[in-house]
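*Asks:* Next up is a structure, given as structure tokens.
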């Protein structure tokens, strides 16, 4: 008897719920446009530049309003470190009047054509150009930062092919040690 009552109660509850849903008064409608579909969180765009620090060449990232190509990245590098980077000890050996540089990318290669005589650039200046250009080209799918050949040219002189030997992320400081 109890089983029959439970079945009857369950059936009655189901009928009541079905009746409530059927008679709720909501009329069917068509598709209502409500704007752009949700796409999730977008990571903030950044640009990576290489400057000289007291410990050697080091990468820094700056926020960007969108994707930044190799030419724009090199233009930012030639503009030098910003005030926050200077406060962290960053400098550049690409000091004015460095002139202009044109960036040409290809399959696993970047050519930087300078208006300045490249024979006068220091090894750090060449490394700044090489690593910044290779990293920017890698973001565009030209290759990986480590396998992109970079050539820096002016007039009839070309330096390279060169490869970036600096990690693309800033080094992690070593933990402090104490003497016994």
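Residue numbers (the numbering used here): 3 to 182. Beta carbons are placed, not taken as given, at the ideal position from N, Cα and C, and that holds for glycine.
1) By Cβ distance below 7 Å, which residues in the same chain neighbour residue 175 in space, the five residues on each side in sequence not counted?
2) With burial defined as no fewer than 16 other Cβ atoms inside 10 Å of the residue's Cβ, what is the status of residue 94: buried or exposed?
3) Would you identify the three-state DSSP class for residue 119, choosing helix, strand or coil?
4) How about residue 106 and residue 135: do their beta carbons lie closer than 8 Å?
5) Taking 7 Å as the limit between beta carbons, can you name the residues of its chain near residue 126, skipping five residues before and five after?
6) Should residue 2 be labelled buried (16 or more other beta-carbon atoms within 10 Å of its own) or exposed?
7) According to DSSP, residue 99 sits in a beta bridge with which residue or residues?
8) Between residue 76 and residue 49, is the Cβ-Cβ spacing less than 8 Å?
9) Using DSSP with H/G/I as helix, E/B as strand and the rest coil, what is residue 167?
*Replies:* The short version:
1) By 1-based counting over the chain shown, the position of residue 175 is 173. Because the pLDDT of residue 175 is 41, which lies under 50, any placement of that residue in the model is unreliable, and the question is left without a value.
2) In the chain shown, the residue the question calls residue 94 occupies position 92. Looking at its Cβ environment, which holds 16 or more other Cβ atoms inside 10 Å, residue 94 is buried.
3) Taking the first residue of the chain shown as 1, we reach residue 119 at position 117. Looking at residue 119 - three-state DSSP - the assignment turns out to be coil, as it is neither helix nor strand.
4) Within the chain shown, the letter at position 104 stands for residue 106. Within the chain shown, the letter at position 133 stands for residue 135. In this structure, residue 106 sits away from residue 135, with a CB-CB distance that is not shorter than 8 Å.
5) Indexing the chain shown from 1 puts residue 126 at position 124. If we look at residue 126 and ignore the five residues flanking it on each side, its Cβ neighbours are 54, 59 and 95.
6) In this structure the chain extends from 3 to 182, so residue 2 is not present and cannot be described.
7) The residue labelled residue 99 in the question sits at position 97 within the chain shown. Partner(s): none; residue 99 has no beta bridge.
8) Here residue 76 is taken as the residue at index 74 of the chain shown, counted from 1. Here residue 49 is taken as the residue at index 47 of the chain shown, counted from 1. At a Cβ-Cβ threshold of 8 Å, residue 76 and residue 49 do not count as neighbours.
9) By one-based count along the chain shown, residue 167 stands at place 165. In the three-state reduction of the DSSP assignment, residue 167 falls in the coil class.
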